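Residue numbers (the working numbering): 8 to 214. Even glycine gets a Cβ: it sits at the ideal position worked out from N, Cα and C. These numbers come from a predicted model, not from an experiment. Each remark here refers to the structure printed beneath this line.
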């Protein structure tokens, strides 16, 4: 398996990854697992990750067929928050089987990173692909002297990558309902003066 940066010809394959990862599957702790609330979210606010969320009848059948993560990645890619060097794919035998991205977010006046979505195609979940993506993207962010990565995520999964409750570092999400599962990963360039309210890139709030 190879982990590398996203390329232009990966866009359709990345959409297919999230379509598979966030469909009606159970990943038993892999990043794609979620049940519609913060306890199972994967770096995106609960409103953006609900597997059971209702779609309106005014939407097309194709819209209803896609989980919101597919649209989220497309919106992020055209947003100023997008960082091409921090959108990474897992490739096996020339097939994209996983994807993760970090995008520009903020804690008060401080620029930080938001993680998500991260997804692995259903048939490759529970094989270490999600962990490999996490290690790769966090290492890349560290090499770029980014100070901090934030996410909403499973409390039993993300601590293995160095994530801690954000409140310990004086950081809070801008939605109080996210507090229990809001986590941060300090990197080498972390500055303890980075405290205050976290804000995701705007596409996270548009879904």
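- Each residue's CA atom was taken as its position, placing residue 191 and residue 104 some 26 Å apart.
- Take the alpha-carbon of residue 120 and the one of residue 100: they are about 30 Å apart.
- Boundaries of the beta strand (DSSP E) around residue 97: 94 to 99.
- For residue 176, the closest C-alpha among the options 199, 124, 116, 106 is that of 199.
- In terms of Cα proximity to residue 106, the closest of 142, 181, 169 is 142.
- Nearest to residue 93 by C-alpha distance, out of 123, 179, 128, is 123.
- Here DSSP, grouped into helix, strand and coil, assigns residue 190 to strand.
- Per DSSP, the continuous beta strand (DSSP E) segment holding residue 105 begins and ends at 102 to 114.
- Looking at the DSSP output, residue 171 bridges to 191.
- Its chain contains 8, 10, 97 as the residues whose beta carbon lies nearer than 7 Å to that of residue 139, once the 5 sequence neighbours on both sides are disregarded; these appear in chain order.
- Here the alpha carbon of residue 160 sits roughly 22 Å from the alpha carbon of residue 195.
- When the beta-carbon positions are compared, residue 205 and residue 183 stay at least 7 Å from each other.
- Residue 127 sits close to residue 136, with the two beta carbons spaced by under 7 Å.
- C-alpha of residue 15 to C-alpha of residue 84: approximately 11 Å in a straight line.
- Annotated three-state conformation of residue 151 is coil, per DSSP.
- Non-local beta-carbon contacts of residue 197 in its own chain, meaning distances under 8 Å to residues more than five positions away in sequence, involve 154, 155 in chain order.
- Across the set 22, 114, 112, the C-alpha of 22 shows the shortest separation from the C-alpha of residue 75.
- Taking C-alpha positions only, residue 169 is separated from residue 108 by approximately 17 Å.
- DSSP places residue 183 in no beta strand (DSSP E); its state is neither H nor E.
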